Structure formats: C-alpha cells, structure tokens
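For reference, the structure is listed below as structure tokens.
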Amino acid sequence: FIESLAMSAPLEVSRISSDTEKETIIIYANRAVQTYEEFMIQITYRGVAVLDGNGLYEHWDPKFSKTLDSNEPFILVSNNFPAGARFWFPCFDDPDKNSR
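When the letters of the sequence shown are read in order and numbered with this note's numbering, they come out as residues 1 to 100.
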C-alpha cells in the first residue's frame, strides 16, 4: 500500500522485486516520484519470536517466573545493536554501510 501525501496523481505499486542475497526489495511505482514528494508506504509482514537472542526474541526471566515452563510467561526483548533490527522488521541496519 502506497499513499501519496501530496495532491499529485495517485501513486500505485506496479511491481515488487526482491534480492535475497542483498536482503533488499525494490518497489516500482506506476509513475515517476517527484523530488521532495512525500508519500507513505505501508508494508505488512509477520514473524515468530524465538529464543536465539537476535532482534525481537522471547526471554525467560526468573523475576517474572520461578521455573522455565512453557506455561509460564516469557517476555519479549529486543537486541538491535549493532545489526539486530533486521531480524524483526525490514530495514538496512549495517553500521559499516550507512548513508552519508
């Protein structure tokens, strides 16, 4: 879903391509985007929190539960530094390749 925030012609997705090696997607629009034109892109995705310590993950903490039991509560913890954000939402978070 793409919504143009300006009063120009509607902006619609005409094609989406992905590159798993570069971990990127390219969104093609039905028209050229103007310099300084503002628009909103909404991407829906889903995943599963796991216990591996990357990105957004499940964590058991004895402060919340006395035993490590599947019926006891886990908490969700995020580990985004230095490059963990990519494990729970689409982004380019390589600290060595930032924009300048």
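Backbone N, C-alpha and C define an ideal beta-carbon position, used for all residues, glycine too.
Being a predicted model, the structure only gives us computed values, none of them experimental.
Check your understanding: Helix or strand or just coil, what does DSSP make of Ala85?
Key -> Indexing the sequence shown from 1 puts residue 85 at position 85. Helix at Ala85.
Point to revise | For Ala9, the first and last residue of its enclosing beta strand (DSSP E) | key: Here residue 9 corresponds to residue number 9 of the sequence shown, with the count starting at 1. According to the DSSP assignment, Ala9 belongs to no beta strand (DSSP E), since it is labelled neither H nor E.
Exercise for review: Inspect the beta-carbon positions of Phe87 and Gly55 and report whether they are closer than 7 Å.
Suggested key: Position 87 of the sequence shown, counting from 1, holds the residue named residue 87. Position 55 of the sequence shown, counting from 1, holds the residue named residue 55. Yes.
Check your understanding: What three-state label does DSSP hand Asp19 in the structure shown?
Key -> Position 19 of the sequence shown, counting from 1, holds the residue named residue 19. Strand.
Practice item. Please look up how many angstroms separate the CB atoms of Ser14 and Ala29, rounded, as I've assumed it's under 8 Å. Key: Within the sequence shown, numbered from 1, the residue matching residue 14 stands at position 14. Within the sequence shown, numbered from 1, the residue matching residue 29 stands at position 29. Ser14 to Ala29, Cβ: 6 Å. Contact.
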